[in-house]
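Residue 309 in our numbering is what sits at position 326 of the sequence shown, and the numbering runs on without skipping anything. Think of the CB as a built atom: it goes at the ideal place given N, C-alpha and C, for glycine as much as any other residue. In this text, all values refer to a predicted model and were calculated from it rather than measured experimentally.
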Amino acid sequence: MNVKSMLAQARGEKTANLVISNVTVPNLFSFELEVTDVAVSGDLIVGVGEGYSGARTVDGTGKYLVPGFIDGHCHIESTMLTPEGFAELVLPRGTTAVFADPHEIANTSGMAGLEYMHRASRSLPMDVFLNAPSCVPASPFETPFDRLDSMALDRMFRKGWCTALGEVMNYPGVLEGDPDLWGKILVSGDQVKTGHAPGLTGKDLCAYLLSRCDSDHESYELNEAMEKLRRGMWVMIREGASEHNLEDLAPMILQDERRGCRTMMVSDDLNVPHILSRGHMDEKLRMAQKLGISFLTALRMVTLSAADYFGLKDRGAIAPGYRADMVLIDSMENCRAEMVWKDGELVAENGSLSSYPLVREGHYPSPSKTTELPDSEGLKVKFQGGDIRVIGIKPGQVVTEHLVMSPKIKDDLVISDVEKDVVKMAVVDRNTDSGRVGIGFVHGIGLTGGAMASSVAHDAHNFGVIGTNDDDMVSALRELRRLGGGFVSVLDGEVLSSLPLPVGGLMSQGSPEEVMEQYERMEISVEKLGCSLEHPFMVMAFLSLSVIPTLKLTDQGYVDLGAGGLLDLFV
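Written out as structure tokens, the structure reads:
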């Protein structure tokens, strides 16, 4: 760093490396709009004011220069892209930094998965800050490839792979003082600790906050989010592909926009079709304004708020001494990124990466293709009398209902009841050699024939399959094993469509456009099976996440943490 040269550029005594002139800068400190020049030297903003000259000049007249967008909580694996493909997708939309929790690949591949994500992320033209996965497994009722204890987390921090503690999802373990979980919390030391506490309020919330896990992205009701804010939590308003919380929580900000200083908007789980068609953090900016939140407050919630929470003193604003992570957008309403700079370098322009294509990391963990699968006999459910528990899907939410319904019986077996929209679901352990299969039923998926299978099943990501008959379910599972992971649809024993995800059984090394084309074919094929849900495979993925209320299905069986853990199928 040539300090004297930078000082001279800041004082206007020397030509700056880059100047964006006559541009409107939304000031996130004073909450006003300034028409000014912005001078850049190397990777830093060195001056904001009138009269700067640059070796390179961009005329910003009529445009807005905003800080690079920051996603404070996401899972890159959920996009179905590797970190390189993810960067291709979100950088041209103005996202220059993300805080990613790689607990998906940590569940399927252990420490090798973490190391892969670090290698694949470190040379990208964007910041990918990895959070150390705190819950592998998410609960004792899920089966990962390996259980990552406090020593494993300590190694992640010491090696520099991770910079914060990933979402602590096992909130019952926090409240009960589980020694293994608290060991992970304590080994994280002074690192930021991110939380996950759906529905937690009152004295239990107070107890949870003793862990210093002081953020939450799971609030879906206004009163819950307000209570968490009042108790000192940073509220992460999630707007994902299948989880939509922004509209319900926007009134918290509309009542008093100062609350935006302790609130951020995050994506959690997005897929390629959603980002390509709607956007990433830029979409959240547009949505927030349509809901009545001012542009300046909404912008803070996708930039400076996240930077403040994670302790990034040099990101999240357009100001001297801050990194030159900047986005030139066409207007406040459209928020369309025309030019994107990372560390002062132009990395994207008019929707495309300037340095395309990125080189993919060639060595990645692959799932086993020798998973023991059940045959049709292994999926049969003998009627034991009484009613059955059924997972009830709530469109637009990751929470589910715990339903009790009368079963359909044939030849003393419980079978799918298409007329009532109740179909069989199975989760098969693919991470270990246990051969375990959990079987249940789900209401609201809409299948009228065939089966759909996926290796994306939060958080352990074992093989999941939903179907109207056992034979098609078995065929779908076999094709899933052959691919090494991905999505599959089957009808009358024939594979209608598939999308291979060989990287940890979660990601493709293809480009966003290639994955998009395959995914669209998958969704069309599932529509032929009768399912009309938006992003059905993402909905299916959360039916196994045991730490989300209420009823879920893992390879170990039905789980409802609020009801004490494992539950029988029959009531």
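Measure the C-alpha to C-alpha separation of residue i and residue j and round it to an integer number of angstroms.
| i | j | result |
| --- | --- | --- |
| Lys365 | Ala115 | 43 Å |
| Ala459 | Gly488 | 15 Å |
| Arg39 | Gly51 | 20 Å |
| Leu282 | Val6 | 17 Å |
| Gly433 | Gly447 | 14 Å |
| Ile168 | Met139 | 13 Å |
| Gly421 | Gly427 | 19 Å |
| Gly545 | Leu534 | 9 Å |
| Tyr203 | Val530 | 15 Å |
| Thr246 | Met216 | 9 Å |
| Leu549 | Tyr541 | 6 Å |
| Met408 | Met490 | 23 Å |
| Val387 | Arg372 | 5 Å |
| Arg76 | Asn333 | 9 Å |
| Gly166 | Asp412 | 27 Å |
| Asp395 | Val401 | 18 Å |
| Met315 | Phe112 | 28 Å |
| Val406 | Leu232 | 33 Å |
| Glu344 | Arg102 | 7 Å |
| Val23 | Lys142 | 32 Å |
| Val218 | Thr184 | 14 Å |
| Lys377 | Val425 | 11 Å |
| Gly262 | Val73 | 8 Å |
| Val457 | Asp26 | 55 Å |
| Ser13 | Ser260 | 34 Å |
| Asp197 | Lys(-3) | 45 Å |
| Ser480 | Val473 | 7 Å |
| Asp161 | Ile258 | 38 Å |
Got a sec, what are the start and stop residues for the alpha helix (DSSP H) residue i sits in?
| i | result |
| --- | --- |
| Tyr541 | Where Tyr541 is concerned, there is no enclosing alpha helix (DSSP H), although the beta strand (DSSP E) it sits in stretches over Gly540 to Asp543. |
| Asp579 | This structure cannot settle anything about residue 579, because the visible part of the chain is limited to -16 through 554. |
| Phe140 | Ser133 to Arg141 |
| Val457 | Asp453 to Leu466 |
| Ile531 | Taken as a continuous stretch (DSSP letters only), Ile531 belongs to no alpha helix (DSSP H), as it is neither H nor E. |
| Gly548 | Gly548 -> not in any alpha helix (DSSP H); beta strand (DSSP E) instead, spanning Gly548 to Leu550. |
| Gln501 | Pro495 to Lys511 |
| Pro155 | Tyr154 to Leu158 |
| Asp163 | Pro162 to Val170 |
| Leu516 | It is not in any alpha helix (DSSP H) - Leu516 carries neither H nor E in the DSSP assignment. |
| Glu201 | Unbroken run through Glu201: none, as it is neither H nor E. |
Name, in chain order, the residues that DSSP records as bridge partners for residue i.
| i | result |
| --- | --- |
| His426 | Gly375 and Val405 |
| Asp383 | Residue identity check: residue 383 is Thr in the sequence provided, not Asp. DSSP, once it has assigned bridges, lists Ile376 as partnering Thr383. |
| Glu222 | His227 |
| Leu555 | Outside the displayed range of the chain (-16 to 554) lies residue 555, so it cannot be described from this structure. |
| Leu336 | Ala331 |
| Lys393 | Leu396 |
| Val486 | Met490 |
| Leu526 | The partner list for Leu526 (beta bridge, DSSP) is empty, contrary to what the question assumes. |
| Cys196 | Lys176 |
| Lys147 | Sequence check: residue 147 is Ala here, not Lys. Answer is Asn114 and Val175. |
| Gly447 | Val410 and Ser437 |
| Val420 | Val411 |
| Lys365 | Leu396 |
| Gly469 | Pro483 |
| Met388 | Ile371 |
| Phe553 | Ile371 |
Please look up how many angstroms separate the CB atoms of residue i and residue j, rounded, as I've assumed it's under 8 Å.
| i | j | result |
| --- | --- | --- |
| Glu625 | Val471 | Any answer about residue 625 is impossible in this case: the structure gives the chain only from -16 up to 554. |
| Pro483 | Glu71 | With 8 Å as the limit, Pro483 and Glu71 do not qualify as a contact, their Cβ atoms being about 19 Å apart. |
| Phe553 | Gln367 | 5 Å |
| Leu11 | Ala300 | 5 Å |
| Gly468 | Ser438 | 4 Å |
| Val8 | Leu48 | 5 Å |
| Val249 | Asp54 | 6 Å |
| Leu274 | Glu230 | 6 Å |
| Glu67 | Leu341 | 4 Å |
| Leu356 | Arg464 | 6 Å |
| Ala271 | His518 | About 22 Å; that fails the 8 Å criterion. |
From which residue to which residue does the beta strand (DSSP E) around residue i run?
| i | result |
| --- | --- |
| Val323 | Ala320 to Lys325 |
| Ile398 | Leu396 to Ile398 |
| Ser437 | Ala434 to Ser437 |
| Leu341 | No beta strand (DSSP E) holds Leu341; DSSP gives it neither H nor E. |
- Message: Runs of 4 residues minimum, wholly inside the segment 241 to 315: which ones carry the alpha helix (DSSP H) assignment?
- Response: For the segment 241 to 315, whole alpha helix (DSSP H) runs of length 4 or above, ordered along the chain, are 255 to 261, 264 to 273, 278 to 283 and 287 to 293.
Check your understanding: For the segment 38 to 125, which segments carrying the beta strand (DSSP E) assignment without a break, of at least 3 residues, lie completely within its bounds, in sequence order?
Key -> Annotation: the segment 38 to 125 contains the following complete segments of the beta strand (DSSP E) (minimum length 3 residues), in chain order: 47 to 50, 52 to 57, 78 to 83 and 110 to 115.
- Along the chain, which unbroken stretches of the alpha helix (DSSP H) at least 4 residues long are found entirely within the segment -16 to 34? Entirely contained in the segment -16 to 34, the alpha helix (DSSP H) runs reaching 4 residues are, in chain order, -14 to -7.
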